[in-house]
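*Asks:* Below are the structure tokens for one structure; questions will follow.
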Amino acid sequence: MKIKNICCLGAGYVGGPTMSVIALKCPEIKVTVVDLNEARIAAWNEENLDKLPVYEPGLAEVVHEARGRNLFFSTEVESAIDAADMIFIAVNTPTKTYGEGKGMAADLKFVELCARQIARIAKNDKIIVEKSTLPVRTAETLQTILDRTGNGVKFEVLSNPEFLAEGTAINDLFNADRVLIGGKQTESGQKAIQSLVDIYAHWLSPKQILTTNVWSSELSKLTANAFLAQRISSINALSALCEVTEADVDEVANAIGTDSRIGPKFLKASVGFGGSCFQKDILNLVYLCRYFNLPEVANYWEQVIILNDYQKYRFAKNIISSLFNTVSEKKITFLGWAFKKDTNDTRESAAIYVAEHLIEDGAEIHVYDPKVSEAKIIADMCYLWELNGLTEQKIASKMKQIFVYQSPIEALDQAHAIAVLTEWDEFKTYDWNAIYINMYKPAFVFDGRNILDAGKLNAIGFEVKGIGKG
Ligand code: NAD
Ligand code: UGA
């Protein structure tokens, strides 16, 4: 079946960029991205491309070319579903915060709502594509809901997980290592797979497009994220050992990364991985393993998360102990709040947890991030405090310990210590001599990303503490 009309449910970090690229590369297909969040859709329709809801290098150019031509952002979910031959589900699948599986399982309520809505509206056969990251065998649930609550039309459910990373989304979509499409091994399943293959074939070569059965595709997404996060936890675990043995973690990473079997990528020691997915997807994997009565497998993967929490805690603890065991009323400047550079996304950013540890110890946290707004930073902290059950009074009191700046100069002025939480390139270009002059002495720099030139900073007079540096 030749696809002429695509609808995507969810205009977030995945739905927005992936559909923009599909629209750009397939000008003959009408692509409508819908969302329940009116403000988000309004932002996608902004004339001023600097105000798109997602910041990604190269995204504004893609939107500029395709929007209004064959790419549309809308809140009219029902008509978009009705008109589409193929519907992508790219809604959020966060960790459950309530009930059975709380804190571990993926919350599938948004996905289920999509399936029910599609079933109710669809008046002709449709291909449904799981773009959200889902537990293995979710396609079975979707198929049941679609078939049992629908109008007798035929649905083919495909799994097409997304592997883009934030900050490089457009490049990842243009030059994907692979796209993965899982479908049923039936004739109609294979036809549906081919329809989606044909879309990606507009810009990717056949060898970049892998097809599998549905379950392998669903499970490969969780597995990929688990393996990636495991590498970070592995090198971070060793960073602790480096610090007490005077080995240098970057040298160790380089030495092992040159072994072609290990490879050099994803071995950058850090304050801990963040982002909306690694933790949620591993917790989901752990939950699934326990559900299927595989406790040893569950415990193995859970350790990746335990180590990551330890790394964030260790970083905060190191700041406190270096500052003579008290940070009370001291100004600690955070350079960066986003979970990585080149994105405005802060979900599960290590900065949030490090800030919480330090605030609990009485510190004043002064934040500068080139892309994250004050409102977002405050919302991140409030969300954590509410989740931890703090009273309104306690939250209001803790709020007084956090300050956000539009410029790094003010944020850094009269600081007792600087903590680099995100690896933004601009931090390397600052006038560190001037910063040193305006700080309390000893002037500490805790480089949670190992991006600064420690030798140069030491020569200026700073006390520099990197991750995994003796
Ligand atoms: P997001 O929260 O940025 O966006 C999801 C959007 O879905 C929200 O705007 C929400 O309002 C909307 N939504 C929820 N229910 C809806 C409904 N019934 N109808 C229409 N819209 C609805 O989430 P995201 O980061 O784009 O992630 C989406 C999925 O993709 C998740 O499963 C995630 O694990 C996966 N994923 C994310 C990334 C990433 O880099 N962020 C990468 C790969 C996969
Ligand atoms: C990750 C995966 O890389 C994507 O393939 C996947 O599609 C996505 O999750 C998802 O499912 O959401 P993302 O979280 O956007 O992408 O960004 P990454 O580049 O993977 O970084 C994640 C975190 O790990 C960041 O906090 C980053 O700073 C940290 N990291 C990464 C390290 O600490 N060290 C490294 O060597 C690499």
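So that you can map any letter, position 197 of the sequence shown is 200 in the numbering used here, and since no number is skipped, the others follow by simple counting.
Backbone N, C-alpha and C define an ideal beta-carbon position, used for all residues, glycine too.
#1: By Cβ distance below 6 Å, which residues in the same chain neighbour R350 in space, the five residues on each side in sequence not counted?
#2: Is A26 closer than 7 Å to L62 when the C-beta atoms are compared?
#3: Could you say if the region 94-111 and the region 70-86 meet the contact criterion of at least three C-beta pairs nearer than 8 Å?
#4: E41 to H419, Cα distance in whole Å?
#5: May I ask you to report which of helix, strand or coil DSSP gives G19?
#6: I'd like to know whether the C-beta atoms of A422 and F465 end up nearer to each other than 7 Å.
#7: Any residue with its C-beta under 6 Å from a non-hydrogen atom of the ligand NAD counts. Can you list them all in chain order?
#8: Output the distance between the C-alpha atoms of K344 and W427, rounded to the nearest integer angstrom.
#9: In the DSSP assignment, find the unbroken alpha helix (DSSP H) run with V66 in it and report its ends.
#10: Closer than 6 Å by C-beta to V66: which residues in its own chain qualify, once you throw out the five before and the five after it? Chain order, please.
#11: Taking V34 as the reference, give the member of A46, A14, E49, E50 with the closest Cα.
#12: What do you reckon, is the C-beta of K431 under 6 Å from a heavy atom of the ligand UGA?
#13: How would you call S331, buried or exposed, if buried means at least 16 neighbouring beta carbons within 10 angstroms?
#14: Quick one, which of E395, I173, S162, K379 has its alpha-carbon nearest L217's?
#15: Could you give the DSSP three-state label for F342: helix, strand or coil?
#16: What I want to know is whether the C-beta of L231 ends up closer than 6 Å to one or more non-hydrogen atoms of the ligand UGA.
#17: If distances are taken between C-alpha atoms only, which option among E254, P30, R43, N302 comes closest to R72?
#18: Can the beta-carbon of L460 be found closer than 7 Å to that of G339?
#19: Leaving aside the five residues before and after D416 along the sequence, list all residues of the same chain whose C-beta is less than 7 Å from its C-beta, in chain order.
#20: Taking the alpha-carbon positions, what's the G458 to V94 distance?
#21: Quick check: is any heavy atom of the ligand UGA less than 6 Å from the C-beta of S273?
#22: Count the other CB atoms within 10 Å of the CB of M402; is the residue buried (16 or more) or exposed (fewer)?
#23: Measuring from the CB of K343, is there a heavy atom of the ligand SAM at a distance below 6 Å?
#24: Can you give me the Cβ contacts of R306 inside the same chain, cut-off strictly under 8 Å, excluding the 5 residues immediately before and after it?
#25: Taking its Cβ as the centre, do 16 or more other Cβ atoms sit within 10 Å of F230, making it buried, or is it exposed?
#26: Any heavy atom of the ligand UGA closer than 6 Å to the Cβ of N228?
#27: Is it the case that the region 190-198 contacts the region 245-258, given that we only count it when at least three CB pairs across the two stretches are under 8 Å?
#28: Please say whether L291 and W304 have beta carbons closer to each other than 7 Å?
#29: Buried or exposed: which applies to L270, given that a residue is buried once 16 or more other Cβ atoms fall within 10 Å of its Cβ?
#30: I'd like to confirm something about I235: is its beta-carbon nearer than 6 Å to some heavy atom of the ligand UGA, or not?
#31: Where does V34 sit, in a helix, a strand or coil, going by DSSP?
#32: Which residues mark the beginning and the end of the beta strand (DSSP E) in which A422 is found?
#33: Here's the rule: buried if 16 or more other CB atoms are within 10 angstroms of the residue's CB, otherwise exposed. What is I9?
#34: Taking the runs of the beta strand (DSSP E) that are 3 residues or longer, which of them lie wholly in the region 156-224?
#35: My parser needs the alpha helix (DSSP H) runs of 4 or more residues fully inside the region 259-303; what are they?
#36: Name the two residues that bound the continuous beta strand (DSSP E) containing D450.
*Replies:* Per the coordinate set shown:
#1: Beyond the five residues adjoining it in sequence on each side, R350 comes within less than 6 Å, by CB distance, of S279 in the same chain, given in chain order.
#2: Not a contact, by the Cβ cut-off of 7 Å.
#3: The region 94-111 vs the region 70-86: no contact.
#4: Spanning the alpha carbons of E41 and H419 requires a straight line of approximately 43 Å.
#5: Of the three classes helix, strand and coil, the one that applies to G19 here is helix, per DSSP.
#6: No, Cβ-Cβ distance for A422 and F465 is not below 7 Å.
#7: Around the ligand NAD, the residues whose beta-carbon falls short of 6 Å from at least one of its heavy atoms are L12, G13, A14, G15, Y16, V17, G18, V37, D38, L39, N40, R43, V80, A93, V94, N95, T96, F113, L116, C117, S135, T136, E165, L167, E169, S279, C280, given in chain order.
#8: The straight-line gap from Cα to Cα measures roughly 5 Å.
#9: Boundaries of the alpha helix (DSSP H) harbouring V66: 62-69, taken from the DSSP string.
#10: For V66, where only same-chain residues beyond five positions count, the Cβ hits under 6 Å are S23.
#11: The residue from A46, A14, E49, E50 with its alpha-carbon nearest to that of V34 is A14.
#12: If you check the C-beta of K431 against the ligand UGA, you find no heavy atom less than 6 Å away.
#13: Label assigned to S331: exposed.
#14: In the sequence on display, residue 217 carries Val and not Leu. Of the listed residues, the one whose Cα sits closest to V217 is S162.
#15: F342 sits in coil when the DSSP states are folded into three classes, being neither helix nor strand.
#16: Yes, since a heavy atom of the ligand UGA falls inside the 6 Å radius drawn around the Cβ of L231.
#17: Nearest of E254, P30, R43, N302 to R72, Cα basis: P30.
#18: No, Cβ-Cβ distance for L460 and G339 is not below 7 Å.
#19: Within the same chain, D416 has close Cβ partners N441.
#20: When only Cα atoms are considered, G458 and V94 end up about 46 Å apart.
#21: Within the chosen limit of 6 Å, the ligand UGA reaches the beta carbon of S273 through at least one heavy atom.
#22: With fewer than 16 other Cβ atoms within 10 Å, it is exposed.
#23: Absence of the ligand SAM is noted for the structure shown, with the ligand NAD and the ligand UGA being the only ligands found.
#24: In the sequence under discussion, the amino acid at residue 306 is Gln, which differs from the Arg named in the question. S236.
#25: The residue is exposed, with fewer than 16 neighbouring Cβ atoms inside 10 Å.
#26: Yes, since a heavy atom of the ligand UGA falls inside the 6 Å radius drawn around the Cβ of N228.
#27: Look at the beta carbons and you see the region 245-258 not touching the region 190-198: under three pairs across the two are nearer than 8 Å.
#28: Between W304 and L291, the C-beta spacing is not below 7 Å.
#29: Answer is buried; the Cβ neighbour count reaches 16.
#30: Answer for I235: yes, Cβ within range of the ligand UGA.
#31: Strand, per DSSP.
#32: First-last of the beta strand (DSSP E) with A422: 420-423.
#33: When all chains shown are included, I9 counts as buried.
#34: Taking 3 residues as the minimum length, the beta strand (DSSP E) runs contained wholly in the region 156-224 are 158-162, 182-186, 212-216, in order along the chain.
#35: Along the length of the region 259-303, whole alpha helix (DSSP H) runs at least 4 residues long occupy 281-294, reported in chain order.
#36: Per DSSP, D450 belongs to the beta strand (DSSP E) from 447-450.
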